[in-house]
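Here's the structure, in structure tokens; my notes come after.
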Amino acid sequence: MSIDLSQFFEVFFEESFEGLDAMEAELLNLVPGEEDLETINTIFRAAHSIKGGSGTFGFSSVADFTHVLETLLDQIREGSRDLTAEHVNLLLKSVDCLRALLRALQAEQQPDLTEADELRVKFEEILGMRAASKAPEQAPETVRESSFNTYQIDFKPHHHLFKTGNEPLYMISELAELGELETQAFQDDVPDITNLAPEDCFLSWRFFLTTDKEQSCIEEIFEWVEDDADITITLCGGLFGDEEDVAVETVAEEAAPAQEAEPAVVKAAIDPKKPAPVKAATANAESTSIRVGIDKVDSLINMVGELVITQAMLSQLGEQEITEATIASLQEGLAQLAHNTRDLQENVMRIRMLPISFVFSRFPRLVRDISQKLDKQVELKLLGEQTELDKTVMEKLSDPMVHLVRNSLDHGLETVDKRVAAGKNPVGTVTLNAFHQGGNIVIEIMDDGQGLNTTKIREKAIKNGLISETDDLSDNEINELIFLPGFSTADQVSDLSGRGVGMDVVRRNIEALSGSVEVASAPGVGSTFTIRLPLTLAILDGQLVRIAEHTYIIPLISIIESLQIDISKVSRVGKDLDVLRLRDEYIPILRLYNIFNHKGAIETLDKTLLVVVESDNQKVGLLVDDLLSQQQVVIKSLEANYQKVDGVSGATILGDGRVSLIVDISGLIKLSGLRKPGSQELIIESKANLEAS
Amino acid sequence: MKRILAVDDSASMRQMVGFTLKKAGFDVTEAKDGSEALNIAKQQSFDAVISDVNMPVMDGITLIRELRSLPNYKFTPLLMLTTESGLDKKSEGKAAGATGWIVKPFNPEQLLAVLKKVIR
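One line per chain: the protein sequences are A and B, in this order.
If you count the first sequence from 1, position 642 lands on 642 in the numbering used here, and the numbers rise without skipping.
Counting the second sequence from 1 gives a position; the numbering used here is that position plus 693.
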């Protein structure tokens with residue numbers, strides 16, 4: 001019978017990743033010297049299962065590596081070795097390494113074993129001190145010539161043999177399969193019937209086996225009963241030994257244990273057969289499925305139920321003759337329908353929502369590693385882990401958050417000495433907090449470190465030409481400077497934060513999610529970064545605007561203000577760009593009807609409205625004919641249904657069934673030629689031009 | 694049809710053992726730890742039990758000790774799945790009443806071959 005093991009791989013990978021997650025979490029809880037046995041046991045079991053599974057399913061690279069891990073853990077578990085911080089570090093590294101190995105195997109790639117080998121050497125060094133006490137190498141079996149030999153086997157089971165669950169009859173059958181078998185049974189020891197203990201074994205045997213197999217094959221058959229029987233195996237050349245005066249008979253009947261005499265076992269009426277765990281077997285490592293709580297599905301079904309009832313009610317009304325009374329109940333029914341639809345919409349959205357703990361959970365490890373590298377003592381607090389947000393948003397949130405947390409640890413928190421000198425708790429605190437506010441999710445990254453150094457930031461900004469010496473900025477405005485492109489400077493580069501990725505990238509990534517990030521800081525007390533994100537990317541709060549007879553939607557979050565244009569404050573820059581002087585800023589005016597090529601729109605500036613929007617720190621004014629209502633719109637992808645259109649991020653369907661395009665602000669700025677792709681020089685340049693004229 | 698109780702905390706091992714045994718014509722019941730197995734074993738009867746050693750809640754050795762003390766499992770083959778590093782586990786298991794052991798890693802053919810020693 002051949003069984004294709006690959007059908008179990010997916011389950012194996014899944015449970016191994018789960019095991020590694022558990023190992024990691026438990027390892028992070030471990031404090032050397034005060035570890036508790038259950039934690040160690042959990043870690044050990046995870047390693048043990050991975051080793052067992054990988055060996056069974058043929059992933060020897062993983063099995064070999066896990067073996068040293070398991071050996072170390074076993075010694076710690078048994079108490080023959082004390083757990084040290086070094087062990088924990090090595091084990092954590094191994095978790096990462098194993099994860100990488102398993103991922104590669106899952107993707108059917110050749111895993112890179114360099115790291116595993118390095119780690120293994122380290123483990124073996126640790127274990128080496130006690131290696132002598134480990135099981136000695138078994139001497140290789142001497143290879144016999146593959147000719148036939150005859151063995152004499154004496155097998156005298158102890159009385160209790162049956163109670164170990166072993167069955168001499170089956171062993172004899174096994175022996176018979178090895179070659180030609182002669183069997184002699186001795187029944188001298190069987191007591192008379194009055195003294196016979198039916199559960200004990202009184203028989204013994206002598207076998208002569210002629211076989212081309214090695215002696216080890218015979219030993220293997222008796223392996224389990226070595227301690228429950230007297231067994232001698234001797235090689236006796238080609239001939240039988242001295243013929244003894246023994247009756248040779250078949251022994252099958254006698255050898256069968258007294259099992260049959262046992263009272264019939266009461267069989268349970270029901271067979272609670274466990275359903276095999278059904279797990280989605282996805283071929284690729286990147287899974288596109290999400291786990292949804294059953295409560296969410298249940299509430300959806302409820303909603304649909306109500307919707308069906310409302311629909312039935314309405315269709316019943318539709319069949320009746322229309323009277324005053326039916327109109328009233330028709331209106332009531334429609335209100336009910338609107339209510340149901342909204343509920344349904346909200347609940348469907350909830351399906352995509354996952355608790356933010358999916359992102360938060362990676363931080364304990366990160367903080368631990370970084371604080372160790374920096375030699376700082378850090379406590380990480382996680383609040384609001386159950387706060388839910390859209391899966392897509394979550395995936396893109398991770399990197400910016402990692403960056404911010406790294407920054408807090410590296411630049412925010414002081415070293416232990418400095419903290420003590422400042423009269424603070426030597427252990428710094430970094431708090432991640434998530435909560436809902438309106439239609440947004442707010443994530444705060446707080447540290448109780450030294451706060452942003454405004455003097456230093458100012459100096460740097462001047463040096464990098466972001467502001468001039470004469471600029472008078474408030475502390476808040478100075479803090480905002482760190483988000484500007486070109487702020488991240490060379491002398492800030494360290495192993496951790498300065499990876500060539502500045503805060504401007506963080507801001508850009510978050511703004512790409514239609515969110516915002518800001519910083520508040522107090523010297524000596526700490527700083528707080530606040531990220532605000534829409535709960536979902538599938539729905540957007542939009543401002544409907546009219547251009548000629550077309551309706552467009554501007555994301556509400558990017559609108560700063562809408563105003564009537566004071567024509568006296570408009571100047572023309574270059575050939576055809578109008579700029580509005582609004583308070584202290586110059587706002588370029590984009591004529592949307594030009595960009596989207598619509599005829600019949602109002603072209604005179606003082607008769608139209610200007611919607612001032614901001615994207616990537618740049619403000620522009622969008623010229624529209626009229627402001628219509630604000631409403632939540634469901635975003636439909638243009639790319640999926642048509643093709644990518646510059647300046648438009650998507651489309652939606654309005655109440656009257658018409659398609660309306662959603663304006664992509666940053667795309668629009670690029671499209672209008674105000675900014676060459678990649679360049680950030682727009683406003684400063686136009687300002688310079690203006691002042692020159 | 695001979696009935697076997699397969700106990701392992703690892704789902705993949707459980708599935709592999711279960712699948713192999715079912716294909717070989719056994720009626721297989723699965724349990725994910727010793728305590729679950731013990732409960733099942735008390736309610737039904739089995740011709741053999743195959744159990745992992747390291748499991749949460751109740752380990753395999755304890756399970757075997759408990760089972761062997763039950764009248765219905767006095768003679769039942771109780772096999773443990775162990776790793777080669779667990780030499781002392783073997784004797785611990787034997788002392789608890791295990792019939793024998795199957796050394797991990799094993800493939801389906803080896804599992805069935807070993808099983809032939811105690812159940813046919």
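All C-beta atoms, glycine included, are put in the ideal place defined by N, C-alpha and C.
Interface partners of residue i on chain A, CB under 8 angstroms
i: D702 of chain B; result: R45 and S49
i: F719 of chain B; result: Neighbours of F719 of chain B on chain A: none; closest Cβ ~12 angstroms, over 8 angstroms.
i: T755 of chain B; result: What T755 of chain B touches in chain A: nothing, since even the nearest Cβ is about 13 angstroms away.
Inter-residue spacing [alpha-carbon to alpha-carbon] between residue i and residue j
i: A312 of chain A; j: S514 of chain A; result: 40 angstroms
i: K810 of chain B; j: N149 of chain A; result: 23 angstroms
i: R365 of chain A; j: F487 of chain A; result: 29 angstroms
i: E729 of chain B; j: V742 of chain B; result: 13 angstroms
i: A100 of chain A; j: D64 of chain A; result: 15 angstroms
i: S666 of chain A; j: E585 of chain A; result: 19 angstroms
i: V493 of chain A; j: M709 of chain B; result: Reliability of the predicted coordinates at V493 of chain A is poor, the pLDDT of 45 falling under 50, and the value obtained from them is presented with this limitation in mind. Straight-line Cα distance between these residues: approximately 52 angstroms.
i: M394 of chain A; j: V430 of chain A; result: 20 angstroms
i: I559 of chain A; j: I539 of chain A; result: 17 angstroms
i: V143 of chain A; j: D212 of chain A; result: With a pLDDT of 45 at V143 of chain A, under the threshold of 50, the modelled position of that residue is not reliable, and no figure is offered here.
i: A46 of chain A; j: G19 of chain A; result: 5 angstroms
i: D740 of chain B; j: Y766 of chain B; result: 9 angstroms
i: T652 of chain A; j: L774 of chain B; result: 60 angstroms
i: I445 of chain A; j: E385 of chain A; result: 13 angstroms
i: E785 of chain B; j: I754 of chain B; result: 7 angstroms
i: K783 of chain B; j: W794 of chain B; result: 7 angstroms
i: L535 of chain A; j: L556 of chain A; result: 14 angstroms
i: A520 of chain A; j: G33 of chain A; result: 40 angstroms
i: D230 of chain A; j: R696 of chain B; result: 31 angstroms
i: G650 of chain A; j: Y642 of chain A; result: 10 angstroms
i: G105 of chain A; j: L638 of chain A; result: The displayed chain sequence assigns Leu, not Gly, to residue 105 of chain A. Rounded to the nearest angstrom, the two C-alpha atoms are 37 angstroms apart.
i: D701 of chain B; j: V505 of chain A; result: 48 angstroms
Own chain residues within Cβ distance below 8 angstroms of residue i, not counting five before or after
i: L344 of chain A; result: L300, M303, V304 and L307
i: V570 of chain A; result: D578, V579, L580, R581, I589 and L605
Contact set for residue i: own chain, Cβ-Cβ below 6 angstroms, skip 5 residues either direction
i: I443 of chain A; result: A434 and I531
i: E518 of chain A; result: T530
i: E26 of chain A; result: T39, T42 and I43
i: V516 of chain A; result: The sequence given here has Ser at residue 516 of chain A, not Val. These residues qualify, in order along the chain: R532.
i: F186 of chain A; result: S204
i: R761 of chain B; result: G790
Under 8 angstroms by beta carbon: chain B residues contacting residue i
i: A63 of chain A; result: P798
i: L473 of chain A; result: Near L473 of chain A there are no residues of chain B at all, since even the closest Cβ is about 59 angstroms away, more than 8 angstroms.
Residues near residue i by beta carbon distance below 7 angstroms, same chain, minus five either side
i: E208 of chain A; result: Here residue 208 of chain A is Phe; the residue named in the question, Glu, does not match the sequence. Excluding sequence neighbours, F208 of chain A sits near T150, Q152, E182 and F240.
i: F57 of chain A; result: L5, F8, F9 and F12
i: R572 of chain A; result: D578
i: V68 of chain A; result: R120, F123, E124 and L127
i: M353 of chain A; result: E388, L389 and D390
Per-residue contacts from residue i into chain A (C-beta, under 9 angstroms)
i: V811 of chain B; result: G165, N166, E167, Y170 and W224
i: G790 of chain B; result: K163, T164 and G165
i: K782 of chain B; result: The contacting residues do not exist; K782 of chain B stays about 10 angstroms from chain A at best.
i: G793 of chain B; result: T164, G165, N166, E223, W224 and V225
Neighbouring residues, chain B, relative to residue i (Cβ below 7 angstroms)
i: G53 of chain A; result: S703, S705 and M706
Contact list for residue i against chain B, beta-carbon separation under 9 angstroms
i: L5 of chain A; result: M709, N800 and P801
i: T56 of chain A; result: S705, M706, M709, K797, P798, F799 and N800
Listed by chain order, chain A residues near residue i by CB distance under 7 angstroms
i: K824 of chain B; result: Since the first and last residues shown for chain B are 694 and 813, residue 824 of chain B lies out of range.
(Q) List, from N- to C-terminal side, the beta strand (DSSP E) runs of 3 residues or more that fit wholly inside the stretch 362–407 of chain A. (A) DSSP runs (the beta strand (DSSP E)) wholly in the stretch 362–407 of chain A: 378–383 and 388–390.
Q | Complete beta strand (DSSP E) runs within the stretch 598–664 of chain A (minimum length 3 residues, chain order) | A | 609–615, 618–624, 626–634, 648–653 and 659–663
Q) What residue ranges within the stretch 137–218 of chain A form continuous alpha helix (DSSP H) runs of no fewer than 4 residues, ordered along the chain? A) 168–178
Q: Check distances from the C-beta atoms of the stretch 151–173 of chain A to those of chain B and list, in chain order, the residues that come in under 8 angstroms.
A: F162, K163, T164, G165, N166, E167, Y170, M171 and S173
Q: Entirely within the stretch 422–480 of chain A and at least 3 residues each: give me those beta strand (DSSP E) ranges in chain order.
A: 428–437 and 440–447
Q. Using a beta-carbon distance cut-off of less than 9 angstroms, what residues from the stretch 8–26 of chain A approach chain B?
A. Result list: F8, F9, E10, V11, F12, F13, E14, E15, S16 and G19.
(Q) Can you pull out the residues from the stretch 764–776 of chain B whose beta carbon lies closer than 7 angstroms to at least one beta carbon of chain A? (A) N765, K767, F768, T769, P770, L771 and T776
(Q) Output needed in chain order: residues of the stretch 26–43 of chain A with a Cβ under 7 angstroms from some Cβ in chain B. (A) none
Q) Going along the chain, which unbroken runs of the alpha helix (DSSP H) with 4 or more residues stay wholly within the stretch 554–588 of chain A? A) none
Q) What alpha helix (DSSP H) runs, 4 residues minimum, are completely inside the stretch 760–795 of chain B? A) 780–789
Q. At which residue ranges does the stretch 326–360 of chain A contain complete alpha helix (DSSP H) runs of 4 or more residues, listed in the order of the chain?
A. 357–360
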